[in-house]
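Structure first, then comments.
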Amino acid sequence: MSPNIYCVEALNHPVFKTLSHVAQNLDLECYVIGGYVRDHLLNRAGSKDIDIVAVGDGIALAQALADALPGASEVSVFKNYGTAMLHYQDITLEFVGARKESYTHNSRNPKVAPGSLADDQNRRDFTINALALSLDQNQWGALLDPFTGVDHLAAKLLITPLDPQVTFSDDPLRMMRAIRFAAQLDFTIDPQAWLSIKNQAERIKIIAPERIVDELNKIMSTPKPSAGLSLMYEAGLLDIILPEVTALLGVEEIEGQRHKDNFWHTLEVVDNISRTTEKLWLRWAALLHDIGKAPTKRFDPKIGWTFHGHEFLGGKMVHKLFKRLHMPLNEKVKYVQKLVAMSSRPIIIAEDFVTDSAVRRLVFDASDDLEDLMTLCEADITTKNPKKQKRYMQNFATVRQKIAEVEQRDHLRNFQPPVDGAEIMETFGIGPSPFIGQIKETIKEAILEGEIPNQKEAARALMLKKGISLGLTPINSAL
Ligand code: CTP
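For reference, each letter of the sequence shown is one residue, going 434 to 912 in the numbering used here.
Now the structure itself:
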């Protein structure tokens with residue numbers, strides 16, 4: 434137990450005084466616990482999520498607070514978990530009754546019994562998350578720290594309150610949380626806890642994918658995601674959660690020809706991109722950009738290692754992976770798929786002579802995601818050869834310049850054909866038919882190839898020519 438520490442300034446928000454009065458009226462002890470206290474002691478920007486533990490009925494306390502607090506939201510009650518939540522101004526308060534819990538081996542469903550504050554602290558994940566602040570008016574802001582969590586904060590250590598086998602077995606998601614906190618806070622996982630994670634990594638399989646992805650996203654949002662991802666790998670968790678990524682591990686050599694280790698390369702790419710963007714899904718695209726390489730890897734005695742079609746296959750794999758992990762199957766997955774599928778396009782252009790039509794096609798296909806694609810491709814440069822590095826960056830600069838020129842001249846982003854289907858039907862006096870698609874495709878191709886400008890007049894002329902070649906006759910008024 435840490436000696437008499439008080440954190441009165443953590444309780445400045447007026448909600449705490451009201452809560453304290455309400456608890457006194459109900460004759461309940463209550464405490465602020467968990468992340469809010471931890472983050473306060475770490476001087477991390479004021480957390481807006483506040484966990485309250487009541488020795489007694491946490492749901493009743495939440496209801497009573499909502500009644501006493503003008504402007505508070507309705508209380509959401511989660512009966513199964515014995516928890517309740519309310520919003521007030523910009524903060525969210527979560528209430529739970531102090532409890533002893535024991536979990537059955539194959540399920541996350543705990544058997545819960547009411548307990549003391551100490552019981553409740555025992556069943557939390559890490560000593561630094563078991564810190565509690567008293568809201569009792571007689572010991573306002575007193576820190577209750579039975580496991581010397583304050584010392585562990587100073588030593589930057591993640592230690593479980595109980596034997597780690599028990600803590601992690603109770604809720605295997607905590608293995609991911611250990612790694613997430615290590616990555617987020619730059620803490621070390623205590624060796625015994627680390628061993629325990631390695632021993633029971635398999636138990637992560639009983640956890641709902643949504644909860645795993647939540648932690649994974651937090652790791653992906655840290656400034657250097659490779660820190661957390663490599664811990665996941667070492668623990669054996671990454672292999673279970675993202676086998677497509679660990680399949681990239683290793684270097685093969687045939688006839689003196691080696692390919693790079695695409696797993697460690699991928700982690701470098703994720704770190705690179707995280708230096709330039711906070712966009713979570715762009716970071717995911719970096720993590721998955723090479724996953725098609727494991728199943729497409731071949732050795733060709735003439736040209737060495739090849740990964741033909743890995744981008745296309747990778748895009749398909751992204752969809753399966755998102756589905757398996759219950760990740761959003763909306764525009765997010767489409768965005769990641771698109772970036773993965775297009776991830777080699779700019780480098781191919783950069784390595785070759787940069788033709789206008791290749792750039793035009795890139796602008797057309799990438800559309801609004803062009804900037805992100807370029808960011809991904811620049812992050813993909815991990816060569817340690819300074820000459821090559823310089824050459825690639827210069828090539829990309831040329832591509833970017835060409836993109837700017839093409840954009841200014843041809844306005845291809847969000848391309849709308851200068852002649853639409855209705856106009857084609859009107860011109861030739863026809864109804865819907867395959868001819869319309871053919872004519873539109875011809876016009877689009879001619880624009881992308883630079884044969885005609887992206888303008889109405891030129892497009893109309895080509896429409897007439899193509900229509901006639903297909904055997905159509907323009908009606909008089911169209912000429
Ligand atoms: N907790 C736990 N085991 C879990 C999840 C949470 O013991 N698997 C406890 C910890 O005491 C934690 C508290 O519940 O501090 C609140 O959990 P949560 O809000 O998920 O995390 P925070 O610790 O508040 O951290 P963050 O806000 O960064 O997620």
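Even for Gly, the Cβ is constructed at its ideal location relative to N, Cα and C.
So, at 7 Å on beta carbons, what are the nonlocal neighbours of residue 800 in its own chain, with the 5 sequence-adjacent residues on each side left out?
Correct list, in chain order: 846, 847.
Only counting the same chain, and skipping five residues up and downstream in sequence, which positions put a Cβ closer than 6 Å to that of residue 721?
Answer for residue 721: 751, 773, listed in chain order.
Does at least one heavy atom of the ligand CTP sit under 7 Å from the Cβ of residue 733?
No, since every heavy atom of the ligand CTP falls outside the 7 Å radius drawn around the Cβ of residue 733.
Using C-beta distances below 7 Å, list every residue in its chain close to residue 516, excluding the 5 sequence neighbours before and after it, in chain order.
491, 527, 528, 529.
Check the DSSP bridge columns for residue 530 and list the partner residues they point to.
Note: residue 530 sits in a beta bridge opposite 487.
Look at the alpha carbon of residue 716 and the alpha carbon of residue 805, and state the distance between them as a whole number of angstroms.
The alpha-carbon atoms of residue 716 and residue 805 are separated by roughly 10 Å.
Touching or not, the stretch 775-784 and the stretch 669-682, by the rule of three or more beta carbon pairs under 8 Å?
They do not touch, by the three-pair rule.
For the stretch 679-699 and the stretch 633-640, state whether three or more C-beta atom pairs, one from each stretch, are separated by less than 8 Å.
Touching, no, given that fewer than three Cβ pairs across the two stretches are closer than 8 Å.
Put residue 630 into one of helix, strand or coil per three-state DSSP.
Three-state result, residue 630: helix.
Is residue 901 buried or exposed, if buried means 16 or more other CB atoms sit within 10 Å of its CB?
Per the 10 Å Cβ criterion, exposed.
Let me make sure I understand the geometry here. Which of 439, 889, 792, 469 has the alpha-carbon closest to that of residue 881?
Considering only alpha carbons, the answer is 792.
At which residues does the beta strand (DSSP E) containing residue 517 begin and terminate?
Start and end: 516-521.
Please report the distance separating the alpha-carbon of residue 454 from that of residue 441.
Rounded to the nearest angstrom, the two C-alpha atoms are 16 Å apart.
What does the alpha-carbon distance come out to for the pair residue 866 and residue 833?
Cα to Cα, residue 866 sits roughly 39 Å from residue 833.
One question on the structure: do residue 891 and residue 809 come within less than 8 Å of each other, judged by their Cβ atoms?
Result no, Cβ atoms of residue 891 and residue 809 do not sit closer than 8 Å.
Under 8 Å by Cβ, that's how I've got residue 850 and residue 889 pegged, so tell me the actual separation to the nearest angstrom.
Going by Cβ atoms, the distance from residue 850 to residue 889 rounds to 10 Å, so no, they are not a contact pair.
Would you say the beta carbon of residue 616 is closer than 7 Å to some non-hydrogen atom of the ligand CTP?
Checking the Cβ of residue 616 against the ligand CTP gives no.
Cβ of residue 604 less than 8 Å from any chain C Cβ?
No chain C is present in this structure, which holds just one protein chain.
If you measure from the CB of residue 659, is any heavy atom of the ligand MN nearer than 7 Å?
In the structure shown, the ligand MN is absent; the only ligands present are the ligand CTP.
Assuming residue 740 contacts residue 730 (C-beta within less than 8 Å), just tell me the rounded distance between them.
With a Cβ gap of about 6 Å, residue 740 and residue 730 count as contacting.
Classify residue 906 as buried or exposed, calling it buried when 16 or more other Cβ atoms lie within 10 Å of its own Cβ.
Exposed: under 16 other Cβ atoms inside 10 Å.
Does the structure place the stretch 556-570 close enough to the stretch 447-461 that three or more beta carbon pairs sit under 8 Å?
Yes, they touch.
Note down the Cα distance separating residue 625 from residue 597, rounded to an integer number of angstroms.
Their Cα atoms are separated by approximately 7 Å.
Quick one: what's got a C-beta closer than 7 Å to residue 794's C-beta in the same chain, skipping five residues either side?
Taken in chain order, the residues that qualify are 881.
What is the C-beta distance between residue 661 and residue 610, in whole angstroms, given that I count them as a contact (C-beta under 8 Å)?
Not a contact, Cβ separation roughly 11 Å.
Expressed to the nearest angstrom, what Euclidean distance is found between the alpha-carbon atoms of residue 668 and residue 727?
Cα to Cα, the separation comes out at about 22 Å.
If you draw a straight line from the alpha carbon of residue 461 to that of residue 555, how long is it in whole angstroms?
Whole-angstrom Cα-Cα distance: 20 Å.
Do residue 560 and residue 701 have their beta-carbon atoms positioned less than 8 Å apart in this structure?
No.
State yes or no: is the C-beta of residue 563 nearer than 7 Å to some heavy atom of the ligand CTP?
Yes, the ligand CTP has a heavy atom inside 7 Å of this Cβ.
Please go through the stretch 734-809 and give each complete alpha helix (DSSP H) segment of 4 or more residues, from N-terminal end onward.
743-757, 764-774, 778-784, 789-799, all fully within the stretch 734-809.
Going by alpha carbons, who is nearest to residue 853 out of 582, 510, 588, 869?
Nearest of 582, 510, 588, 869 to residue 853, Cα basis: 869.
I'd like to know whether the C-beta atoms of residue 443 and residue 487 end up nearer to each other than 8 Å.
Against a cut-off of 8 Å, the Cβ pair of residue 487 and residue 443 comes out as no contact.
Once the 5 residues before and after residue 769 are set aside, which same chain residues still bring their CB inside 8 Å of it?
So the qualifying residues of the chain are 714, 717, 718, 721, 751, 755.
For my contact list, residue 374 and residue 546 are in at a C-beta cut-off of 8 Å; report their separation, rounded to the angstrom.
Because the chain in this structure spans residues 434 to 912, residue 374 falls outside the shown range and cannot be described.
Could you give the distance in angstroms between the alpha-carbon of residue 877 and the alpha-carbon of residue 840?
Cα-Cα distance, rounded: 16 Å.
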